[in-house]
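FYI, the numbering for the sequence shown is -21 to -1, 1 to 263, going by mature numbering (1 follows the signal peptide of the UniProt record, and there is no 0).
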Amino acid sequence: MKIYKWFLSFIVVCTVANLQAQDFQGKATYQSKTQVNFDFGNRNIPEDRKKQMMERIKKANEKTFVLNFNQTASLYKEEEKLEQPGERGGGRGPRFGTMTGTDGDLYKNIKDQRYLVKTELLGKIFLIDDALETLEWKMGSESKQIGNYTAFKATATKTIKRPNMSAVFRRPGRGEENKEEEKAEEFTVKEVEIVAWYTPEIPINQGPGLYWGLPGLILAVNDDVTTIVCSEITMNPSEKMEIKAPSKGKKVTQAEYDEISQEKMKEMRENFRNRGGRGGGRPN
(Lines of atoms letter the chains of each structure in order from A and count residues from 1; the text may use other names and numbers.)
(Lines give C-alpha, C1' and ligand atoms only; values in the text may rest on other atoms or scores of the structure.)
Protein backbone atom coordinates (compact mmCIF):
# COMPACT_ATOMS: atom_id res chain seq x y z
CA MET A 1 0.00 0.00 0.00
CA LYS A 2 2.87 2.42 0.81
CA ILE A 3 4.49 1.69 -2.56
CA TYR A 4 1.15 2.33 -4.28
CA LYS A 5 0.69 5.70 -2.54
CA TRP A 6 4.26 6.73 -3.34
CA PHE A 7 3.82 5.75 -6.98
CA LEU A 8 0.52 7.61 -7.23
CA SER A 9 2.00 10.77 -5.67
CA PHE A 10 4.99 10.61 -7.99
CA ILE A 11 2.80 10.43 -11.10
CA VAL A 12 0.60 13.30 -9.90
CA VAL A 13 3.55 15.59 -9.07
CA CYS A 14 5.31 14.95 -12.38
CA THR A 15 2.18 15.38 -14.48
CA VAL A 16 0.98 18.51 -12.64
CA ALA A 17 4.40 20.12 -13.19
CA ASN A 18 4.16 19.34 -16.88
CA LEU A 19 0.61 20.66 -17.24
CA GLN A 20 1.26 23.83 -15.26
CA ALA A 21 4.02 24.69 -17.68
CA GLN A 22 1.41 25.29 -20.36
CA ASP A 23 -2.11 26.62 -20.81
CA PHE A 24 -3.56 23.20 -21.45
CA GLN A 25 -6.98 21.95 -22.46
CA GLY A 26 -8.34 18.45 -22.92
CA LYS A 27 -11.23 16.72 -24.62
CA ALA A 28 -12.68 13.39 -23.51
CA THR A 29 -15.43 11.43 -25.27
CA TYR A 30 -17.69 9.17 -23.19
CA GLN A 31 -20.18 6.44 -24.11
CA SER A 32 -23.17 6.24 -21.76
CA LYS A 33 -25.63 3.34 -21.49
CA THR A 34 -28.60 3.11 -19.14
CA GLN A 35 -30.45 -0.13 -18.45
CA VAL A 36 -34.20 0.36 -18.60
CA ASN A 37 -36.86 -1.95 -17.18
CA PHE A 38 -40.15 -0.51 -18.42
CA ASP A 39 -43.30 -1.94 -16.84
CA PHE A 40 -46.12 -2.24 -19.39
CA GLY A 41 -48.58 -2.97 -16.57
CA ASN A 42 -52.01 -4.21 -17.64
CA ARG A 43 -51.77 -3.03 -21.23
CA ASN A 44 -52.88 -5.48 -23.89
CA ILE A 45 -49.90 -4.98 -26.22
CA PRO A 46 -48.62 -7.63 -28.65
CA GLU A 47 -45.21 -9.02 -27.75
CA ASP A 48 -43.59 -7.87 -31.00
CA ARG A 49 -44.84 -4.34 -30.32
CA LYS A 50 -43.44 -4.46 -26.78
CA LYS A 51 -40.08 -5.56 -28.19
CA GLN A 52 -40.05 -2.66 -30.66
CA MET A 53 -40.89 -0.18 -27.91
CA MET A 54 -38.15 -1.51 -25.63
CA GLU A 55 -35.61 -1.29 -28.45
CA ARG A 56 -36.54 2.36 -28.98
CA ILE A 57 -36.29 3.08 -25.26
CA LYS A 58 -32.92 1.31 -25.08
CA LYS A 59 -31.55 3.25 -28.04
CA ALA A 60 -32.75 6.56 -26.59
CA ASN A 61 -30.69 5.82 -23.48
CA GLU A 62 -27.44 5.06 -25.31
CA LYS A 63 -25.66 8.38 -25.72
CA THR A 64 -22.29 9.94 -26.50
CA PHE A 65 -20.97 12.89 -24.49
CA VAL A 66 -17.95 15.17 -24.88
CA LEU A 67 -16.16 16.69 -21.89
CA ASN A 68 -13.98 19.72 -22.62
CA PHE A 69 -11.85 20.65 -19.62
CA ASN A 70 -9.01 22.80 -18.35
CA GLN A 71 -7.43 23.12 -14.91
CA THR A 72 -10.50 24.63 -13.20
CA ALA A 73 -13.61 24.13 -15.34
CA SER A 74 -15.33 21.77 -17.75
CA LEU A 75 -18.26 21.65 -20.16
CA TYR A 76 -20.08 18.34 -20.66
CA LYS A 77 -22.40 18.12 -23.66
CA GLU A 78 -24.23 15.37 -25.49
CA GLU A 79 -23.08 14.68 -29.02
CA GLU A 80 -26.22 14.68 -31.13
CA LYS A 81 -26.79 11.63 -33.31
CA LEU A 82 -28.02 11.93 -36.88
CA GLU A 83 -31.08 9.89 -37.75
CA GLN A 84 -30.12 6.93 -39.92
CA PRO A 85 -32.03 6.21 -43.16
CA GLY A 86 -34.94 3.89 -42.50
CA GLU A 87 -35.13 4.67 -38.78
CA ARG A 88 -38.64 5.65 -37.80
CA GLY A 89 -38.66 8.35 -35.17
CA GLY A 90 -34.88 8.43 -34.89
CA GLY A 91 -34.88 6.01 -31.99
CA ARG A 92 -36.85 8.37 -29.78
CA GLY A 93 -38.24 7.22 -26.48
CA PRO A 94 -38.31 8.20 -22.82
CA ARG A 95 -34.88 9.29 -21.64
CA PHE A 96 -34.53 8.43 -18.01
CA GLY A 97 -32.25 11.35 -17.09
CA THR A 98 -33.96 14.30 -18.74
CA MET A 99 -36.62 14.98 -16.11
CA THR A 100 -33.96 15.29 -13.40
CA GLY A 101 -32.02 18.02 -15.20
CA THR A 102 -28.82 16.01 -15.61
CA ASP A 103 -29.01 16.20 -19.40
CA GLY A 104 -28.17 19.43 -21.21
CA ASP A 105 -25.08 21.64 -21.29
CA LEU A 106 -23.39 20.95 -17.94
CA TYR A 107 -20.71 23.35 -16.71
CA LYS A 108 -18.63 22.50 -13.64
CA ASN A 109 -16.29 24.93 -11.91
CA ILE A 110 -14.12 23.01 -9.48
CA LYS A 111 -12.53 26.14 -8.01
CA ASP A 112 -15.93 27.58 -7.03
CA GLN A 113 -17.42 24.11 -6.50
CA ARG A 114 -20.56 25.04 -8.45
CA TYR A 115 -22.31 23.74 -11.54
CA LEU A 116 -24.75 25.12 -14.07
CA VAL A 117 -26.97 23.09 -16.39
CA LYS A 118 -28.94 24.49 -19.30
CA THR A 119 -31.78 22.04 -19.86
CA GLU A 120 -35.18 21.90 -21.53
CA LEU A 121 -38.30 20.62 -19.82
CA LEU A 122 -41.38 20.23 -22.02
CA GLY A 123 -40.50 23.20 -24.20
CA LYS A 124 -39.20 25.55 -21.48
CA ILE A 125 -35.51 26.34 -20.92
CA PHE A 126 -34.15 26.21 -17.37
CA LEU A 127 -30.72 27.09 -15.98
CA ILE A 128 -29.90 25.05 -12.89
CA ASP A 129 -27.33 26.80 -10.67
CA ASP A 130 -26.21 24.94 -7.57
CA ALA A 131 -23.30 23.71 -5.45
CA LEU A 132 -21.45 20.56 -6.48
CA GLU A 133 -22.12 17.55 -4.27
CA THR A 134 -19.00 16.30 -2.50
CA LEU A 135 -18.87 12.51 -2.42
CA GLU A 136 -16.79 10.68 0.19
CA TRP A 137 -14.63 8.67 -2.18
CA LYS A 138 -12.86 5.57 -0.88
CA MET A 139 -9.75 4.97 -2.97
CA GLY A 140 -8.10 1.59 -3.31
CA SER A 141 -5.07 0.11 -5.03
CA GLU A 142 -6.98 -1.91 -7.65
CA SER A 143 -6.13 -0.75 -11.16
CA LYS A 144 -6.87 -1.54 -14.79
CA GLN A 145 -6.03 -0.21 -18.22
CA ILE A 146 -8.58 2.04 -19.93
CA GLY A 147 -7.30 2.97 -23.36
CA ASN A 148 -3.75 4.26 -22.97
CA TYR A 149 -4.17 5.15 -19.31
CA THR A 150 -3.78 3.31 -16.03
CA ALA A 151 -6.94 3.84 -13.97
CA PHE A 152 -7.48 3.26 -10.25
CA LYS A 153 -10.72 2.26 -8.55
CA ALA A 154 -12.69 4.45 -6.15
CA THR A 155 -16.13 3.96 -4.62
CA ALA A 156 -18.71 6.18 -2.94
CA THR A 157 -22.34 6.11 -1.84
CA LYS A 158 -24.79 8.48 -3.51
CA THR A 159 -28.54 9.13 -3.28
CA ILE A 160 -30.02 9.14 -6.79
CA LYS A 161 -33.46 10.38 -7.84
CA ARG A 162 -34.90 9.12 -11.12
CA PRO A 163 -38.21 9.55 -12.98
CA ASN A 164 -40.47 6.50 -12.89
CA MET A 165 -41.78 6.51 -16.46
CA SER A 166 -43.70 3.27 -15.91
CA ALA A 167 -45.83 5.05 -13.29
CA VAL A 168 -46.55 7.95 -15.66
CA PHE A 169 -47.67 5.79 -18.57
CA ARG A 170 -49.46 3.07 -16.59
CA ARG A 171 -52.93 2.51 -18.04
CA PRO A 172 -55.78 3.17 -15.59
CA GLY A 173 -57.49 0.00 -14.39
CA ARG A 174 -60.23 -1.24 -12.13
CA GLY A 175 -60.15 -2.90 -8.76
CA GLU A 176 -58.18 -2.27 -5.58
CA GLU A 177 -54.96 -3.81 -6.94
CA ASN A 178 -54.90 -1.45 -9.92
CA LYS A 179 -55.78 1.51 -7.68
CA GLU A 180 -52.71 0.78 -5.58
CA GLU A 181 -50.55 0.56 -8.71
CA GLU A 182 -51.82 3.96 -9.83
CA LYS A 183 -50.45 5.50 -6.61
CA ALA A 184 -46.87 4.69 -7.64
CA GLU A 185 -44.57 7.69 -7.31
CA GLU A 186 -43.43 9.58 -10.40
CA PHE A 187 -39.87 9.53 -9.02
CA THR A 188 -37.87 6.88 -7.22
CA VAL A 189 -35.14 7.73 -4.71
CA LYS A 190 -32.51 5.21 -3.68
CA GLU A 191 -29.00 5.03 -2.27
CA VAL A 192 -26.53 3.32 -4.60
CA GLU A 193 -22.84 2.50 -4.70
CA ILE A 194 -20.87 4.46 -7.28
CA VAL A 195 -17.81 2.76 -8.77
CA ALA A 196 -15.37 5.09 -10.56
CA TRP A 197 -12.04 4.59 -12.33
CA TYR A 198 -9.73 7.61 -12.49
CA THR A 199 -6.28 8.21 -13.92
CA PRO A 200 -3.66 10.28 -12.06
CA GLU A 201 -1.87 10.62 -15.40
CA ILE A 202 -4.36 13.43 -16.08
CA PRO A 203 -4.52 15.06 -12.60
CA ILE A 204 -7.68 17.04 -13.22
CA ASN A 205 -10.44 17.05 -10.61
CA GLN A 206 -13.08 16.36 -13.27
CA GLY A 207 -15.26 13.63 -14.70
CA PRO A 208 -18.42 12.92 -16.70
CA GLY A 209 -21.74 14.34 -15.56
CA LEU A 210 -21.70 15.68 -12.01
CA TYR A 211 -18.87 13.37 -10.96
CA TRP A 212 -15.65 14.94 -9.70
CA GLY A 213 -13.42 14.99 -6.61
CA LEU A 214 -10.74 12.41 -7.43
CA PRO A 215 -7.00 13.06 -7.99
CA GLY A 216 -7.29 12.42 -11.70
CA LEU A 217 -9.75 12.50 -14.60
CA ILE A 218 -12.57 9.98 -14.13
CA LEU A 219 -12.47 7.65 -17.14
CA ALA A 220 -15.34 5.34 -16.17
CA VAL A 221 -18.20 5.43 -13.67
CA ASN A 222 -21.06 3.10 -12.88
CA ASP A 223 -24.14 3.31 -10.67
CA ASP A 224 -26.87 0.68 -10.42
CA VAL A 225 -28.23 1.26 -13.97
CA THR A 226 -25.91 3.61 -15.88
CA THR A 227 -22.38 2.92 -17.16
CA ILE A 228 -20.22 5.71 -18.60
CA VAL A 229 -16.85 4.87 -20.19
CA CYS A 230 -14.30 7.14 -21.84
CA SER A 231 -13.54 6.05 -25.40
CA GLU A 232 -11.13 8.79 -26.51
CA ILE A 233 -8.96 11.54 -25.00
CA THR A 234 -7.23 14.39 -26.79
CA MET A 235 -4.86 16.61 -24.84
CA ASN A 236 -4.30 20.16 -26.10
CA PRO A 237 -6.46 19.80 -29.24
CA SER A 238 -5.56 22.06 -32.15
CA GLU A 239 -9.06 23.55 -32.09
CA LYS A 240 -9.54 25.10 -28.67
CA MET A 241 -13.07 25.30 -27.28
CA GLU A 242 -14.17 28.11 -25.00
CA ILE A 243 -15.26 26.55 -21.73
CA LYS A 244 -18.02 28.98 -20.87
CA ALA A 245 -20.88 28.64 -18.40
CA PRO A 246 -24.36 28.62 -19.99
CA SER A 247 -26.37 31.75 -19.22
CA LYS A 248 -29.79 31.41 -20.87
CA GLY A 249 -32.89 30.02 -19.20
CA LYS A 250 -34.93 30.52 -16.05
CA LYS A 251 -32.46 30.25 -13.16
CA VAL A 252 -33.42 27.73 -10.48
CA THR A 253 -31.70 25.57 -7.90
CA GLN A 254 -31.59 21.80 -8.32
CA ALA A 255 -34.26 21.39 -5.61
CA GLU A 256 -36.53 23.91 -7.36
CA TYR A 257 -36.05 22.17 -10.69
CA ASP A 258 -36.80 18.78 -9.13
CA GLU A 259 -40.06 20.17 -7.72
CA ILE A 260 -41.06 21.64 -11.08
CA SER A 261 -40.25 18.42 -12.96
CA GLN A 262 -42.19 16.37 -10.40
CA GLU A 263 -45.26 18.56 -10.97
CA LYS A 264 -44.86 18.15 -14.73
CA MET A 265 -44.64 14.39 -14.31
CA LYS A 266 -47.89 14.43 -12.34
CA GLU A 267 -49.54 16.50 -15.08
CA MET A 268 -48.37 14.03 -17.72
CA ARG A 269 -49.68 11.16 -15.60
CA GLU A 270 -53.10 12.78 -15.15
CA ASN A 271 -53.40 13.77 -18.82
CA PHE A 272 -52.53 10.23 -19.90
CA ARG A 273 -55.05 8.70 -17.53
CA ASN A 274 -57.78 11.18 -18.42
CA ARG A 275 -57.41 9.92 -21.98
CA GLY A 276 -57.90 6.43 -20.66
CA GLY A 277 -54.37 5.43 -21.63
CA ARG A 278 -55.29 5.56 -25.31
CA GLY A 279 -52.58 5.19 -27.92
CA GLY A 280 -51.48 1.77 -26.66
CA GLY A 281 -49.61 3.32 -23.78
CA ARG A 282 -46.98 4.70 -26.13
CA PRO A 283 -44.23 6.13 -23.91
CA ASN A 284 -42.86 8.86 -26.20
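Ideal Cβ positions, reconstructed from N, Cα and C, are used throughout, including at glycine.
Within the same chain, Cβ atoms closer than 7 Å to the Cβ of I139 are found at K169, V171 and D202, the five residues on either side in sequence being excluded.
In terms of Cβ geometry, P187 and I207 form a close pair [threshold 8 Å]. The beta carbon of V45 sits closer than 7 Å to those of K6, T8, K56 and E58, all from its chain and outside the five residues before and after it, given in chain order. The alpha-carbon of Y128 is positioned some 9 Å away from that of Y177. Counting along the chain, M118 sits inside the beta strand (DSSP E) bounded by residues K117 to I125. Of all C-beta pairs linking the region 222 to 238 to the region 90 to 105, three or more are shorter than 8 Å, placing the two stretches in contact. E249 and L111 have their C-alpha atoms roughly 34 Å apart. In summary, L196 is buried, with 16 or more beta-carbon neighbours lying within 10 Å of its beta-carbon over all protein chains present. About 5 Å separates the beta carbon of Q10 from that of S210, a gap short enough to meet the 8 Å contact definition.
Under the three-state reduction of DSSP output, I89 falls in the coil class, being neither helix nor strand. In the structure shown, the three-state DSSP call for Y190 is coil.
Its Cα nearest to that of Y190, the residue K87 stands out among K87, K42, K245 and M247.
For R141, DSSP records a beta bridge to T167.
The Cβ neighbour count for P25, taken over all protein chains shown within 10 Å, is under 16; the residue is labelled exposed. For K219, there is no enclosing alpha helix (DSSP H), as DSSP marks it with neither H nor E.
In the DSSP assignment, E41 falls within the unbroken beta strand (DSSP E) covering E41 to F48. Approximately 6 Å separates the beta-carbon atoms of Q4 and K219; this is inside 8 Å, confirming the contact. Residue range L196 to N201 is occupied by the beta strand (DSSP E) that includes L196. E180 and S122 have their C-alpha atoms roughly 13 Å apart.
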